[in-house]
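Q: There's a structure below that I have some questions on.
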Amino acid sequence: METNRRFTIMTFPQSYDGDKKLSVNILFLPRNQNPFKGAIEGHEPAIKNAPLFVDAKISFQAKIVYGTEKFPNNLNFDKADPLTTTPPKNKIEIFTSLADPNHFNIQNLDQSNADLDSNKDKANNVRSVNRSVKKYLPVTYRQSFNFISSVMPGNGVVDDTYHCAVRDAKNVPGFEQTADTISWGKVFGYILRNPLLALEAGFIYQTELEIDIAKFEHGAFLHIDLDDTSDYKTQENQEPTFIKKYAARIPSLQVGKERSLFAANLFPVLIKSGATDPTPDGNFDNIFIEASDYDDGFSKILHSFQPVSQNLLVEESDGFHPTIESGIRLGWDDE
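Everything in the sequence shown is counted per this note's numbering, starting at 16 for the first residue and increasing by one.
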């Protein structure tokens, strides 16, 4: 993560009204930082005066790139419109309550926001496939379509690896229970699991924007940026990495066809520093396909299973019928 990054803005389209309005949710997410101190401290000269998150007044604008041939960057938008959002009214009270030791034991409660790379509680480096999470693909999933092999080589398994891992599980010598402390970042995660709380905490904003439907014949990229009147805009102008932005791919839209919208994947808004438009690292082919497949918000491969044996790991009847009701398992789009 960029050293000076303090916030992330993600764009989540919700629906199109069939005429000229898009409904959009905006996620404005702080990094694992102290919301009661300046968002970036000890930096010279201009970005050091970033206000406290609990005091910040945030306003937004929508930026649109027509079509999906040009990857979005901070300078290549075709249209920019200010957005109307409802400011949260109880931000300070919410974070003051969450900081109360009777609610959470926050280990970095009073930390400085000068160097967030030094936080103890941060994501680990990417692991190799043989050290990452593996997922068992159950029989009901594989029978739901023309399954040939997993699209997650090394991670999606169909052999008895999972069964053996559960059956042979043992106590781990030296295991220590996790301490009863969390970071501000995990408090933010708790907030995001409560949508109404996230609205009042200034993480989620709901808005609508008017579009020229004639220019959406081939879809578009939409991302949200800070408005020129917003707090943190000065810092963003001085340091482009201060806020990381992600764009949503908007599918082709037609007049009179109301529909739901869903962003299964978001696309990074790149930072342009020269005359040439930047290109993203890696291959985005599968990401574009998945974004297109799920842009209506509906799952594609749904499957269910009711246990057929006393052994919950068994997927086909073995003659030992269940003796208690253990419910129905539902799954969808496992890969």
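Note that the Cβ used here is the ideal one computed from N, Cα and C, for glycine as well.
Quantities reported herein were computed from a predicted structural model and do not represent experimental measurements.
How should F236 be labelled, buried or exposed, when 16 other C-beta atoms within 10 angstroms of its C-beta is the threshold for buried?
A: Classification for F236: buried.
Q: Going by DSSP in three states, S332 sits in which element: helix, strand or coil?
A: It is coil, neither helix nor strand.
Q: Buried or exposed for W199, please, with buried defined as at least 16 other CB atoms from any protein chain shown within 10 angstroms of its CB.
A: Per the 10 Å Cβ criterion, buried.
Q: For P322, does the count of other Cβ atoms within 10 angstroms reach 16, so buried, or fall short, so exposed?
A: Buried.
Q: Quick check on this structure: which residue in D246, T26, A278 and L268 has the alpha carbon closest to the alpha carbon of E232?
A: Nearest option by C-alpha distance: L268.
Q: According to DSSP, is K94 helix, strand or coil?
A: Looking at K94 - three-state DSSP - the assignment turns out to be strand.
Q: Mind checking whether S332 and S324 have CB atoms under 9 Å apart?
A: Cβ atoms of S332 and S324: closer than 9 Å.
Q: Label E350 either buried or exposed according to how many other C-beta atoms from any shown protein chain fall within 10 Å of its C-beta, with 16 as the threshold for buried.
A: Classification for E350: exposed.
Q: In terms of DSSP beta bridges, what is L281 paired with?
A: DSSP output for L281 lists A263 as bridge partner(s).
Q: Taking only the alpha-carbon atoms, compute the straight-line gap between Y220 and T83 and give it to the nearest angstrom.
A: Going from the Cα of Y220 to the Cα of T83 covers about 25 Å.
Q: In angstroms, rounded to a whole number, what distance separates the CA positions of T171 and V148?
A: The sequence given here places Gly at residue 171; Thr does not occur at that position. So the two alpha carbons sit approximately 9 Å from each other.
Q: Pick helix, strand or coil for Y151, following the three-state DSSP scheme.
A: Here Y151 sits in strand by DSSP.
Q: Can you list the beta strand (DSSP E) stretches of 3 or more residues lying completely in the region 87 to 136, in chain order?
A: DSSP runs (the beta strand (DSSP E)) wholly in the region 87 to 136: 94 to 97.
Q: Quick check: the Cα distance between M25 and A306, rounded to an integer number of angstroms?
A: Roughly 15 Å separates the two Cα atoms.
Q: If you run the structure through DSSP and keep just helix, strand and coil, what is V80?
A: Three-state result, V80: strand.
Q: From what residue to what residue does the alpha helix (DSSP H) around A184 run?
A: Here A184 belongs to no alpha helix (DSSP H), and DSSP marks it neither H nor E.
Q: Work out the CA separation of A77 and S165 for me, nearest whole Å.
A: Computed Cα separation, rounded: 38 Å.
Q: Tell me the rounded alpha-carbon separation between I79 and G289.
A: One C-alpha to the other measures close to 21 Å.
Q: Is E254 buried or exposed, if buried means 16 or more other CB atoms sit within 10 Å of its CB?
A: Buried.
Q: Which of the three DSSP states is assigned to V69 in this structure?
A: Three-state DSSP puts V69 in a helix.
Q: CA-CA distance, T101 and T256?
A: So the two alpha carbons sit approximately 26 Å from each other.
Q: On the CB-based measure, 16 or more other CB atoms within 10 Å of its CB, does R182 come out buried or exposed?
A: It counts as exposed.
Q: Assuming F320 is part of the beta strand (DSSP E), what are its boundary residues?
A: Where F320 is concerned, the enclosing beta strand (DSSP E) stretches over L317 to F320.
Q: Going by DSSP in three states, Q250 sits in which element: helix, strand or coil?
A: Three-state result, Q250: helix.
Q: Could you tell me how far apart the beta carbons of E215 and I41 are, in whole angstroms, since I believe they sit closer than 8 Å?
A: With a Cβ gap of about 15 Å, E215 and I41 do not count as contacting.
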